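One line per chain: the protein sequences are B and V, in this order. If you count by the numbering used here, then the first sequence holds residues 4 to 197, one letter each, in order. If you count by the numbering used here, then the second sequence holds residues 4 to 197, one letter each, in order. Virtual Cβ for every residue (Gly too), placed ideally from N, Cα, C. None of these values were measured; they are calculated from a predicted model. Have a look at the structure below before the remarks.
Number of protein chains: 2
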Amino acid sequence: MNVSHDKDTALDQALDLFWTKGYASTSLKDLERATGMHPGSLYAAFGSKAKLYCLSLERYAKRLSVLRAELQAQAASPLDGLADFIAIAHPLSDADAPLPVCYLVKATLETSQGNQAIDDKLSELLSQNDATFASIFQQAITAGDLPPQSDATRLARQLSADLAGLCFYALREEDANVIKEMVTDLAKRVRCQR
Amino acid sequence: MNVSHDKDTALDQALDLFWTKGYASTSLKDLERATGMHPGSLYAAFGSKAKLYCLSLERYAKRLSVLRAELQAQAASPLDGLADFIAIAHPLSDADAPLPVCYLVKATLETSQGNQAIDDKLSELLSQNDATFASIFQQAITAGDLPPQSDATRLARQLSADLAGLCFYALREEDANVIKEMVTDLAKRVRCQR
DNA sequence: ATGACACTTGAGCGATCACTCAAGTTGCCC
DNA sequence: GGGCAACTTGAGTGATCGCTCAAGTGTCAT
């Protein structure tokens, strides 16, 4: 009795596994269990563990950026959209996320020094993310919501670091209220000037 | 021809390895190469890979806290000492560190969800660190360097997260000047109110 | 010199790693 | 229903994993 598999579903399951356990600590046995696929099918569909990992990173980044774009479109202003993203959609405040930590942040701190293709993919995705942040800040500057002499790139950099800092803290703090407070503070800081 | 080994030296070498490669990606073969010890000696001295890792975490935390205490003793005020620590002694600005990333931060993001003893050790060390930060802020409040209504615990929490955020950014940014600037900014922010 | 003891040595343990591939199954077109 | 391409299956690959332990070596006091 053979079972047919949906590549996207399997990728989602692999993503959750990698997210929680990390790349090195996730074995193919784990992936087989999670996806219900046998090694042959996994390799036919994804090529290798590293490629599957890269695909999962890409998928996650895509998902986040779609979400951010949606919030941006609904928001009254660029900064409001960004604040909503932090307060609502980011893994820090998303109850469905397996960890209250951005997958890319965790991957960055784990993976450094290893497979080159993975490192490249990660820095590509993070750069894209920073660029999006910067473009939103630029819109805010143009719209007059930020002082004209503001540096959008620098603001993006700082936001990226601030989010990563919160991720770190969220992982160790058992009291969800503390994290919620910190997230709210950051969102507020983004919305009402910095 | 047998070789006698110094436990502290071996521990330092193991620490550097774990720091750069992470726990899961560091094999006993790697540790043997780095320390020059054979498996039997390693196990006689340290018990297991996990125990060696815990010892390395402890040693690192101790090293950092000694450094911080020294700077604190020399500084004109508690906040000055803290700022010096960030600007001078923290891995972010220490050229000798194998990575511009606090070992505990990296370990926290890698290790979550695994060996219980490691998780416990990590959260113990991080709590100690936060407590030290908080006590320094408390001294600053008592000394009148911070408004009396300041919340030392909250300030410590925020500093911890800010440092972690910088670690994340330092790992991906190839331009050392950008990081230096961000570190200086944070040190300044700590020194001159927040 | 000798025996007692502590430490080092490294071959090798069973388990698990990422991965392959020949055989089996399925769905589709004619 | 016969033929074929596409996919699934899972036993099995060699390598490496963390770890053990009997044998070897060095350092003592006597």
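S96 of chain B does not reach chain V, its nearest Cβ partner there being about 15 Å away, counting only Cβ pairs nearer than 7 Å. Annotation: A90 of chain V is outside any alpha helix (DSSP H) and is labelled neither H nor E by DSSP. The count of Cβ pairs closer than 8 Å, one atom from the segment 158-178 of chain B and one from the segment 169-189 of chain V, reaches three, so the stretches are in contact. When C-beta atoms of the segment 137-146 of chain B are compared with those of the segment 12-23 of chain V, fewer than three pairs fall below 8 Å, so the two segments do not count as touching. Residue environment for E177 of chain V: exposed (fewer than 16 other C-beta atoms within 10 angstroms of its C-beta).
Close to chain V, meaning a Cβ-Cβ distance shorter than 8 Å, are the following residues of the segment 99-111 of chain B: L102, V104, V108, K109, T111.
For S59 of chain B, no CB of chain V lies under 8 Å from its own CB, so it is not counted at the interface with that chain. The beta carbon of E61 of chain B sits closer than 8 Å to those of K124, L128, all from its chain and outside the five residues before and after it, given in chain order. Contact between L55 of chain V and A17 of chain V holds, with the beta-carbon distance rounding to 6 Å and staying under 8 Å.
Closest in alpha carbon position to K109 of chain V, among V:A146, V:A64, V:Q152, is V:A64. The beta carbon of A48 of chain B is closer than 6 Å to those of K10 in its chain, skipping five residues each way along the sequence. If you check each beta-carbon in the segment 27-53 of chain B against every beta-carbon of chain V, the ones closer than 7 Å belong to A27, S28.
Between R192 of chain B and chain V, the shortest Cβ-Cβ separation is not below 8 Å. With a threshold of 16 other beta carbon atoms within 10 Å, L112 of chain B meets it and is buried. Less than 8 Å divides the Cβ of V193 of chain V from the Cβ of L82 of chain V. Taking 8 Å as the upper bound on Cβ-Cβ separation, chain B lies near no residue of the segment 68-85 of chain V. Within its own chain, the residues whose Cβ lies closer than 7 Å to the Cβ of A155 of chain V, once the five positions on either side in sequence are excluded, are A137, F140, Q141, I144, listed in chain order.
In terms of Cα proximity to L67 of chain V, the closest of V:C195, V:D148, V:D97 is V:D97.
When DSSP assignments are scanned along the segment 45-78 of chain V, the uninterrupted stretches of alpha helix (DSSP H) that are 4 or more residues long and fall wholly within it turn out to be 52-77. The residues P94, C170, A173, L174, in chain order, have a CB closer than 7 Å to that of V104 of chain B in the same chain once the five nearest residues on each side in sequence are set aside.
With the criterion set as a beta carbon lying under 9 Å from some beta carbon of chain B, the members of the segment 153-172 of chain V are R157, R160, Q161, S163, A164, D165, L166, A167, G168, L169, C170, F171, Y172, in sequence order. At a cut-off of 8 Å between beta carbons, E127 of chain V makes no contact with chain B. At a cut-off of 8 Å between beta-carbon atoms, G147 of chain B makes no contact with chain V.
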